[in-house]
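Quick notes on the structure that follows.
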Amino acid sequence: MQRLRVAGISGRGLVVALPYLWLLLFFVVPFVIVLKISFSDVDLAIPPYKPLLEWVGKNSVAIKVNFNNYAFLFTDSLYLHAFANSLKVAFLSTLMCLFIGYPMAYGIARARPALRNVLLLLVILPFWTSLLLRVYAWIGLLKANGVINNVLMSLGIIHEPLTMLYTPFAMYVGIVYSYLPFLILPLYANLEKMDWQLLEAAEDLGCRPWQAFYKITLPLSRNGILAGSMLVFIPAVGEFVIPALLGGPNSLMIGRVLWDEFFSNRAWPVASAVAILLLILLVPFMMWYQSVQARETAGSR
Amino acid sequence: MTSSAGGVVKPQPWSDPSARPYVEVERISKSFGDFKAVNDVSLKVYQGEIFCLLGASGCGKTTLLRMLGGFETPTSGRILIDGEDMTGVPPYERPVNMMFQSYALFPHMTVAQNVAFGLKQDRLRKPEIQERVATMLDLVKMSDFAKRKPHQLSGGQRQRVALARSLVKRPKLLLLDEPLGALDRKLREHTQFELIGLQHKLGVTFIVVTHDQEEAMTLASRIGVMNHGEIAQAGTPSEIYEFPSSKFVADFVGSVNMFEGKLIEDEPDYVRIGSPELGATIYVSHGISAPPEAIVWVAVRPEKIFMSTAVPPEGTDNVVRGTVQDIAYLGDLSIYLVKLPTGKVVRVTQPNTSRHAEAIGWDQQVYLSWDATSPVVVTR
Amino acid sequence: MNYRSSFFILTCIGMGFAFLYIPILSMAVFSFNASKLVTVWDGAHSPTLKWYYSLLNNEEILDAAWISLKVALINASGSVILGTLAGFGLARFRQFRGRFTLNAMTTAPLVMPEVITGLSLLLLFVALEQLIGWPAGRGITTMTIAHMTFSMAYVTVIVNSRLASFDTALEEAAMDLGARPVKVFFVITLPIIFPAILSGWLLAFTLSWDDLVISSFTSGPGSSTLPMVVFSKVRLGVSPEINVLATLTLGVVGAVIVGVSLWMARRAKLDAV
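Chains as they are written, first to last, in our numbering: chain P, 1343 to 1643; chain Y, 298 to 677; chain A, 209 to 481.
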């Protein structure tokens, strides 16, 4: 496409300048500020942190970089435990999403086109309804006098209600439930592009269906699996709502820790430090996701 | 005066040194990173011509066309249209229009709106636009489809609309990118002649890009054969076919038998070439320009080879003996692959002039010969 | 292609969809339950619409819904503009300074945990307020800015991918016929990719309407959104009015999605370019 010059300024520049500057100001700069505040002290003021730069005398400025917050996080086992637990929960949830979601994505991709659209619609529909409300639905199902217990008790399968709510079990159910569409959609997009004749060729050459799946479909859908997994794993690590509503005291997730530090303890510097550490933890995965996406689009061009 | 299939009954302007070219490509090159798509190409196209750029995919013909249209900027060189330097001019400011390979009809507009689009950009008055659109649709026989949308049309119909849209602005130059590629064979033939008729009527200069030789030979007043970003040869269809300037051109256009050999005798009015491949000497009744002992290639077209079961008379030049290895019967002609004692396979075509002719069969011993004027000797 | 799927696959699909829908449907069913305990069916007085009346008269919820609506509308419209510009730039301009950064900035929000985005934006607003006096306190403005920041990333991805499968010959043909690039965008490109932009708008609207975490961080007194109100109620346990809200939401979302899908299916022929 040709370069357009309007009053000497490249037209292209104008087009991308607006979103670029917006994101620079409202996405990137905030992270710098979080970094800065993670190095400052708590203060009984509004805002509740000491400024980073302080005027000392007339012509000099002192920067106080306080590593206390980080030291605190590393020494208090609560935080380390929360980070570790978050990773574990996110990882296991991703696996569970894969086990449930892969067959679904596969089945939809192989369905007749008319049916396929309907099925996709049914997958997308929950995604468009509020996460909050869907998680709430599980409260109603899992609590002591909730639907599941009532049904099981009335069928005589159990005699006392099962404790499901406010346990790690409930949290896993909630996360898998909420993030399942996020795995199915990119995986479906990848599977849909597959040349199904490859499987027919494989079977023609003597491969059994399960082998064909393992040797051909699975490797070819690798990018879809990775993309979908990242879309589940990365946000799940920092998930707040589900642990807050369904999880109990012994399933501490880092998202909840950050929230509590911020809102309950008013410890903004500590919360910022938590955020920075979480970010550092997730950046490698985000970059991996970016590279998978780039490979996927390059492969389809 | 020539009346060629190019449809333009005019003297050949390209052989007139004082004629001014309408489109002039001066030493154009285009590189994409390290890859040189077009390499130092120079061309002159004259008004009213249908000039075809012919080549395989990747030879640079489409890139050259796009530079003429303004969609790519040349890395070096100049483009002049009607005497004006148009090298850096964007497409919306050139008096050039293009017909795209995919037709690129605007799907959300009707046929009439598509054709009117270019005129609207020129800010013509509504009545004039309507009139010109109607005339043009009439010319391409699509008047009944004015209110339809592209997705409701067949391939051939879309092609006509694309043509109408690109001609309605009466451009000085029309660029066509594989215009007949998407049509089936019968439609293609029919449309080829329609295209020529239309061009003749409107007097627009055409530059066509195609990989189809038959298309180029039918449409063009002149052909530019391209290879690896360069023009291998430019000339009329018969020049290209009968007087190829290189092995590549000889081989690319039509089929050819190529015999490698060395000059034995080199005289101004004849040459004799010894060819181990052929297993005989070739006598060519015109002189060539080559250093002594040079390796040359003799190109003989399949239709110019005589084949018979009878032994040719004593003293005939250019005779070899062979065995018929394969026959392909195509209805109007037959292709014979004849294996020589040296191992070389020669391709011979013969028209099936009689319905009951004594057919030459497989494994038959035949004699091949050709006239001394038939071969073309190429030195590269 | 053989469309028959194995029994195994069919079972998986069936169970998967059951898993997805049973919770939602159970919520809907119990919205008609007269009992305040929600999940204990009160056969004597149910089904009833009393909680529906109650919800639609609940001032707190209605006010919050109104605020959510305002924010979502402004957010959707603003994000579509920003996202379309970014998506167009990334799809059409092969090289420009800052391309890598723009690409990174528009894909990171898709996976970033909301607590991080929310916290960082709040700290930005606080710092800005200290520095230049704007924004004065947190409220609808700051929430809208925050929402637009992450919504535009989604719109960018949608527009970018739509443009990638768009035949550039159409744009070139328009330029060839005399239209300048800006005109080509508005007269040719935009009308053809309109369904993608519409999906982007709907997505941005929904993301904003449903957002809890970022809104909590960036809102101020008196600007509680619907999710924030729902969250505070739901922390205390089940509430029949929330069931009603869920059912109504599902109904509206379902109707809109089905409607838009049908409309897009009819337009599908144009989408073939």
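Beta carbons: idealized from backbone N, C-alpha and C, even for Gly.
Is there at least one non-hydrogen atom of the ligand GTP closer than 7 angstroms to the beta-carbon of residue i?
i: Ser-1563 (chain P); result: With respect to the ligand GTP, the structure offers nothing, as it holds no ligand at all.
Taking 8 angstroms as the CB-CB limit, is residue i close to chain A?
i: Tyr-389 (chain Y); result: yes
i: Met-1446 (chain P); result: yes
i: Val-1371 (chain P); result: yes
i: His-508 (chain Y); result: no
i: Met-555 (chain Y); result: no
i: Arg-1637 (chain P); result: no
i: Gln-1553 (chain P); result: no
i: Asp-419 (chain Y); result: yes
i: Glu-1545 (chain P); result: no
i: Ala-401 (chain Y); result: yes
i: Ser-1614 (chain P); result: yes
i: Tyr-1631 (chain P); result: yes
i: Lys-341 (chain Y); result: no
i: Pro-404 (chain Y); result: yes
i: Asn-394 (chain Y); result: yes
i: Val-305 (chain Y); result: Only weak support is given to the placement of Val-305 (chain Y): the predicted model assigns it a pLDDT of 49, under 50, and the value that follows is read from those uncertain coordinates. It does not: the Cβ of Val-305 (chain Y) has no partner Cβ on chain A nearer than 8 angstroms.
i: Lys-444 (chain Y); result: no
Can you round the beta-carbon distance between residue i and residue j to whole angstroms, since I take them to be within the 8 angstroms contact cut?
i: Arg-644 (chain Y); j: Ile-632 (chain Y); result: 7 angstroms
i: Gly-326 (chain A); j: Ser-424 (chain A); result: 7 angstroms
i: Gly-1443 (chain P); j: Ile-1526 (chain P); result: 5 angstroms
i: Val-501 (chain Y); j: Pro-468 (chain Y); result: 7 angstroms
i: Glu-1307 (chain P); j: Ala-1636 (chain P); result: Outside the shown range of chain P, which is 1343 to 1643, sits residue 1307 (chain P), and nothing can be said about it.
Measuring only between beta-carbons, confirm whether residue i sits less than 8 angstroms from chain Y.
i: Pro-255 (chain A); result: no
i: Met-360 (chain A); result: no
i: Ile-401 (chain A); result: no
i: Met-472 (chain A); result: no
i: Arg-388 (chain A); result: yes
i: Leu-378 (chain A); result: yes
i: Asp-375 (chain A); result: yes
Can you check DSSP and say which residues form a bridge with residue i?
i: Gly-619 (chain Y); result: Y:Val-663
i: Arg-644 (chain Y); result: Y:Leu-634
i: Tyr-626 (chain Y); result: Y:Ser-631
i: Lys-333 (chain Y); result: Y:Ser-328
i: Leu-470 (chain Y); result: Y:Val-393, Y:Thr-502
i: Trp-594 (chain Y); result: Y:Glu-557, Y:Val-675
i: Thr-507 (chain Y); result: Y:Leu-351
i: Tyr-1391 (chain P); result: P:Val-1384
i: Leu-377 (chain Y); result: Y:Glu-321, Y:Asp-382
i: Leu-340 (chain Y); result: Y:Val-322
i: Arg-519 (chain Y); result: Y:Phe-348
i: Ile-602 (chain Y); result: Y:Trp-667
Which of the three DSSP states is assigned to residue i in this structure?
i: Pro-392 (chain Y); result: coil
i: Met-1506 (chain P); result: coil
i: Thr-676 (chain Y); result: coil
i: Val-581 (chain Y); result: strand
i: Ser-440 (chain Y); result: helix
i: Asn-524 (chain Y); result: strand
i: Gly-1498 (chain P); result: coil
i: Val-568 (chain Y); result: strand
i: Ala-531 (chain Y); result: strand
i: Glu-562 (chain Y); result: strand
i: Trp-249 (chain A); result: coil
i: Asn-1491 (chain P); result: helix
i: Gln-309 (chain Y); result: coil
i: Gln-1344 (chain P); result: Caution applies to Gln-1344 (chain P), whose pLDDT of 45 falls short of 50 and renders its modelled position unreliable; the value that the coordinates give is listed next. Reduced to three states, the DSSP call for Gln-1344 (chain P) is coil.
Can you find a CB in chain P that lies within less than 8 angstroms of the CB of residue i?
i: Ile-217 (chain A); result: yes
i: Val-481 (chain A); result: Interpretation of Val-481 (chain A) is limited by its pLDDT of 46, a score under 50 that renders its predicted location unreliable; the figure taken from the coordinates is listed afterwards. Not closer than 8 angstroms to any Cβ of chain P, the Cβ of Val-481 (chain A) fails to qualify, so no.
i: Pro-317 (chain A); result: yes
Check whether the segment 617–637 of chain Y touches the segment 224–242 of chain A, taking contact to mean three or more Cβ pairs, one atom from each stretch, closer than 8 angstroms.
no
Are there three or more Cβ pairs, one per stretch, closer than 8 angstroms when the segment 1408–1419 of chain P is compared with the segment 637–651 of chain Y?
no
Decide yes or no for the touch test of the segment 1372–1379 of chain P against the segment 323–337 of chain A: beta carbon pairs closer than 8 angstroms, at least 3 of them.
Contact between the segment 1372–1379 of chain P and the segment 323–337 of chain A is present, because at least three Cβ pairs lie under 8 angstroms.
Examine the Cβ distances between the segment 377–390 of chain Y and the segment 359–367 of chain Y and report whether three or more of them are shorter than 8 angstroms.
yes
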